[in-house]
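First the structure, in the form of structure tokens, and then the observations on it.
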Amino acid sequence: MAPGANDLFIAEDSHQRIYGQKVPLSRYGIAIIGRSRRLTLNYRTTAQNLAYAVRLLDGKEIEGLEGDAENSNGYHSMRSGPVPQEAGNDSLASELDTAAATIRQWIAEGVSGNAIGIIARTKNQLQKLQTGMDERKVEVRSVDQPGDGSKPLYMTMHRAKGMEFFKVLLFGVNDASVPLGHVTAGLAEAEREDALLRERSLLYVAATRARDELVVSWSGTPSGLLAAASAKVSVA
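According to full-length UniProt numbering, the sequence shown is numbered sequentially starting from 1.
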């Protein structure tokens, strides 16, 4: 494709690739070799949240738009904040208690409801969250429901892509939900590794929705994908 008046401007974070197959742009006549620039400064989240999210990727090789190896070396943020907190719980009821207490604390700090995001892997988890918060007299609503901005918003990890919140709670990050069993079941080794990388990217997306504070909770056994990030966090 020759340079011209109708050239395209494309921005992508390869670490957030959570859908479909990897397709080089050159296959569609879009030339970016020698015409691209790598951006390393993150304006959304804090250095602490960014470091946690990058560790979730566990150093796995990620392909860029031309099939070249992409990495997170040099990624940094000018903003600083608290170290992400992990909260393990023995039961779902206990995790719901943790979620309610966390939301109440943030509201008490003066954070507006729509600046709080609660993110889970599945819609089923969100249904349990809604019921649990109703029982605990904590008002929340789905991001897809209309509202006046007073209630914290919940959504799936996929739905959270492109959004940001001052405070984020990743809910239900256990070994049964991340990854889901059907995501990797019956796959050959190479396909399984690709599927697991997409799950890591999904966690990366969810964690980087937080501008200031990030809390990650689970009940039972934590997701094995958290292991690479967990060594340097605050444990509740």
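Backbone N, C-alpha and C define an ideal beta-carbon position, used for all residues, glycine too. Quantities reported herein were computed from a predicted structural model and do not represent experimental measurements.
Buried or exposed by the 16-neighbour rule on C-beta atoms within 10 Å, applied to residue i
i	result
residue 121	buried
residue 288	In the structure as shown, the chain begins at 1 and stops at 236. Residue 288 is therefore absent and cannot be evaluated.
residue 146	exposed
residue 180	exposed
Pair within 7 Å by beta-carbon distance, residue i and residue j
i	j	result
residue 152	residue 118	yes
residue 168	residue 86	no
residue 91	residue 219	yes
residue 166	residue 111	yes
residue 148	residue 221	no
residue 212	residue 113	no
Secondary structure of residue i, DSSP reduced to three states
i	result
residue 97	helix
residue 197	helix
residue 168	strand
residue 185	coil
residue 132	helix
residue 157	helix
residue 86	strand
residue 210	strand
residue 205	helix
Unbroken beta strand (DSSP E) run spanning residue i, endpoints
i	result
residue 227	Counting along the chain, residue 227 falls outside any beta strand (DSSP E), though it belongs to the alpha helix (DSSP H) covering 227 to 230.
residue 114	That residue, residue 114, is in no beta strand (DSSP E); it is neither H nor E in DSSP.
Where the alpha helix (DSSP H) through residue i begins and ends
i	result
residue 299	With the chain covering only 1 through 236, there is no way to say anything about residue 299.
- Query: Does the region 206 to 218 come close enough to the region 42 to 53 to have 3 or more Cβ pairs within less than 8 Å?
  - Reply: yes
- Message: Whether or not the region 131 to 146 and the region 99 to 110 are in contact is what I'm after, with contact meaning three or more pairs of Cβ atoms, one per stretch, closer than 8 Å; do they touch?
- Response: Because the criterion of three Cβ pairs below 8 Å is met, the region 99 to 110 and the region 131 to 146 touch.
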